[in-house]
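Residue numbers (our numbering): 51 to 214.
Positions of the beta carbon are idealized from the N, C-alpha and C atoms, including for glycine.
See below for the structure under consideration.
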Ligand code: THU
């Protein structure tokens, strides 16, 4: 006999919206500025959408990165993963604490904050699991900054090979 069970799972996300850069504390401002600087070195000739990220590690080190595109589109990588994988490669024993992400279009910070793609969210989840520690996100646009307490919350029901 075939049994079907309808299950409803409710997922929710709480975050803080900040309307002014000056409301960030000094270390947050430094991180956002590092991400803005990093965006300048993005290689994005196909999208012209320069994304920069800066991650603060628990030892105080800041690692930055940006999106790197390729004519074979799937070969490129988002700024978030370039940054987190670089941090993993250089400081593998050190957990991330906070990551700032910005996008620059036509030389200007975007109005709205950029929201990380699904593949990057999957990486956030794994990093939080790897270090048994969550890290914050500062998604930064000109109009507002969205602060998310646990990066992995952006991907509920994530792939983990054993359960949904
Ligand atoms: N991109 C990022 O680097 N991070 C995001 O959160 C969204 C998108 C990049 C990928 C591609 O190089 C360009 O932005 C346009 O999608």
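C-beta contact flag for residue i and residue j at 8 Å
{"i": "residue 101", "j": "residue 117", "result": "yes"}
{"i": "residue 103", "j": "residue 130", "result": "yes"}
{"i": "residue 50", "j": "residue 149", "result": "The structure shown has nothing for residue 50, since the chain only spans 51 to 214."}
{"i": "residue 65", "j": "residue 198", "result": "yes"}
{"i": "residue 146", "j": "residue 112", "result": "no"}
{"i": "residue 71", "j": "residue 155", "result": "no"}
{"i": "residue 133", "j": "residue 115", "result": "yes"}
{"i": "residue 174", "j": "residue 201", "result": "yes"}
{"i": "residue 190", "j": "residue 163", "result": "yes"}
{"i": "residue 144", "j": "residue 108", "result": "yes"}
{"i": "residue 123", "j": "residue 172", "result": "no"}
Where residue i sits in the DSSP three-state scheme
{"i": "residue 61", "result": "coil"}
Handout entry: Inside the region 64 to 110 only - beta strand (DSSP E) runs reaching at least 3 residues
Key = With a minimum length of 3 residues, the continuous beta strand (DSSP E) runs that stay inside the region 64 to 110 are 66 to 68 and 99 to 107.
Handout entry: Three or more C-beta pairs below 8 Å linking the region 82 to 91 and the region 54 to 62
Key = The region 82 to 91 is not in contact with the region 54 to 62.
Practice task
Enumerate, from N- to C-terminal direction, the unbroken beta strand (DSSP E) stretches of 3 or more residues contained entirely within the region 114 to 195.
Solution key: Along the length of the region 114 to 195, whole beta strand (DSSP E) runs at least 3 residues long occupy 146 to 155 and 186 to 190, reported in chain order.
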